[in-house]
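Everything in the sequence shown is counted per my numbering, starting at 99 for the first residue and increasing by one.
The structure appears right after this line, and notes come after that.
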Amino acid sequence: RVHDVLYVIAGNQGGGGIPIPTDNYNGINVAYSRLEDGTYSKVDFANLSSEPDFRSRRSPAPETNEGARRSINITAPGSQIDLIDPDGRIRTASGTSFAAPHVVGTLALIQQLADRQIRAGLPNWNLDARRAMVSKVILLNSADKLADTGDGLRLGMARTLRDESNRTWIDSDAYANPMIPLNKDMGTGHLNAYRAYQQFLPGAFTPDQAVPAIGWNYDGLSLAGSSEAPQYQDYKFEAPLKAGSYLSATLAWERVVDLNDANGNGIYDIGETFSNRGLNNLDMYLMPADANDLSESIWSSVSAEDSLEHIFYQIPQTGRYKLRVVFSQQVHNQPIQPYALAWWAVADAPNQ
């Protein structure tokens with residue numbers, strides 16, 4: 099948060115006693131997939147997931163989260179990866195240590211795109227494209243869940259990702275329960291670098307205008323509500339959304355942790371501590387475009403534990419819709435809560 103850097107962390111796996119990075123609220127934690135029929139499409143058995151029952155020899159208690167928050171954000175290739183070691187020989191290795199670099203490489207790709215678009219002075223592009231929160235929602239929202247059949251209704255996804263029990267994302271509680279934004283094994287799905295590029299390419303669209311089917315934005319909310327930062331914002335789609343298609347939307351914001359900087363030098367020194375100022379609560383709703391009351395929403399993501407919300411929902415009937423982002427609860431004293439939002443839907447219109 100302080101340095102606006104997105105930390106990508108290898109998730110826990112196997113019997114090595116690697117702890118789940120439960121305090122990495124503001125980063126991305128990665129699980130790893132293995133090949134199935136030539137495609138990285140299954141969560142590897144060595145992953146311990148967000149809710150493991152494995153007990154390490156190094157710890158008397160299971161490696162698990164505190165509370166209901168889930169720690170895995172995304173899955174990436176990590177099984178039987180060919181590597182070149184320092185002496186030039188090719189070696190094969192597996193693990194989240196080899197999945198996390200796939201995520202970092204994709205981040206580099208979209209940052210290169212951002213630099214190109216900003217330098218060209220293109221509309222809908224500004225320095226917010228470089229923000230860590232924006233990169234986070236771009237990657238998470240463009241992840242694969244269900245392979246598209248060719249009609250685009252599944253947002254052009256390249257693979258169906260399955261967990262260790264061969265269940266898909268829509269078989270999980272994350273699909274059925276608005277209070278659970280992440281699948282415990284997969285996060286939001288499987289990394290897809292090309293779809294991340296497609297998600298990012300349209301640029302940023304503010305809520306004061308109708309938005310296209312694919313886009314993103316960086317903005318802020320205030321619980322008190324003001325012209326500078328309202329309590330909620332509506333992103334109305336400019337075209338009707340197509341019945342039977344899926345909508346994917348991801349909202350992220352950051353927990354505030356401060357360094358107790360005893361000597362005032364602005365960096366961490368041995369013996370200094372950190373104070374958790376807490377996590378504000380934002381929620382996200384999918385609503386008919388002309389609705390105003392939250393009770394009229396057709397789906398939502400309303401986790402009380404996480405620093406992100408995620409909706410993956412099949413549009414029931416062709417019509418006009420909007421996404422509403424709401425500041426629901428303030429915990430720390432910073433007056434404005436910045437957030438990033440990415441969305442991907444299918445417009446019921448020619449050439450979209």
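Where a beta carbon is used, it is the ideal one built from N, C-alpha and C, also for glycine.
Cβ-based burial, residue i [other Cβ within 10 Å; buried from 16]
i	result
Phe143	exposed
Ser177	buried
His408	buried
His101	exposed
Ile278	buried
Asp381	buried
Glu352	buried
Pro184	exposed
Trp442	buried
Leu439	buried
Tyr366	exposed
Terminal residues of the alpha helix (DSSP H) in which residue i lies
i	result
Val128	Unbroken run through Val128 is the beta strand (DSSP E), Ile126 to Glu134; no alpha helix (DSSP H).
Gln210	Thr194 to Arg217
Arg293	Ala291 to Phe298
Met231	Ala230 to Asn239
Tyr366	No alpha helix (DSSP H) holds Tyr366; DSSP gives it neither H nor E.
Of the listed residues the options, nearest to residue i (C-alpha basis)
i	options	result
Ala445	Leu251, Ser169, Asn379 and Tyr330	Leu251
Ser270	Asp404, Ala302, Phe410 and Trp223	Phe410
Asp391	Ala447, Gly193, Tyr330 and Gly342	Tyr330
Ser398	Asp306, Gly318, Ala212 and Ala274	Ala274
Tyr383	Val354, Ser346 and Ala198	Ser346
Val400	Asn361, Ala294 and Ala272	Ala272
Leu406	Gln428, Leu377 and Asp283	Leu377
Ala294	Ile208, Asn358 and Gln428	Ile208
Val141	Asn379, Arg229, Ile182 and Glu262	Glu262
Ala291	Met385, Arg422, Leu205 and Ile396	Leu205
Ala108	Leu133, Ala174 and Asn124	Ala174
Span separating the alpha-carbon of residue i from that of residue j
i	j	result
Pro433	Leu321	8 Å
Asn315	Tyr419	17 Å
Asn122	Ser169	8 Å
Asp388	Phe303	20 Å
Gln450	Ala311	Bear in mind that the predicted position of Gln450 carries a pLDDT of just 47, short of 50, making it unreliable; the figure below should be weighed with that in mind. Going from the Cα of Gln450 to the Cα of Ala311 covers about 8 Å.
Glu336	Val309	5 Å
Gly323	Arg260	42 Å
Val424	Leu319	8 Å
Ile179	Trp223	36 Å
Gly219	Gly301	12 Å
Ala281	Leu339	Checking the sequence shown, residue 281 turns out to be Asn, not Ala. About 25 Å.
Glu403	Arg187	45 Å
Tyr333	Leu349	12 Å
Val452	Asn127	Residue numbering for the chain in the displayed model covers 99 to 450; residue 452 lies beyond these limits and cannot be assessed.
Val232	Ser240	12 Å
Pro414	Glu394	14 Å
Start-to-end residues for the beta strand (DSSP E) that takes in residue i
i	result
Ala108	Val106 to Ala108
Tyr273	Element bounds for Tyr273: not the beta strand (DSSP E) but the alpha helix (DSSP H), Asp271 to Ala274.
Pro436	Gln435 to Trp442
Asn358	Val354 to Asn358
Whole-number beta carbon distance between residue j and residue i, since they are thought to touch under 8 Å
i	j	result
Ala198	Val106	5 Å
Asn171	Leu238	6 Å
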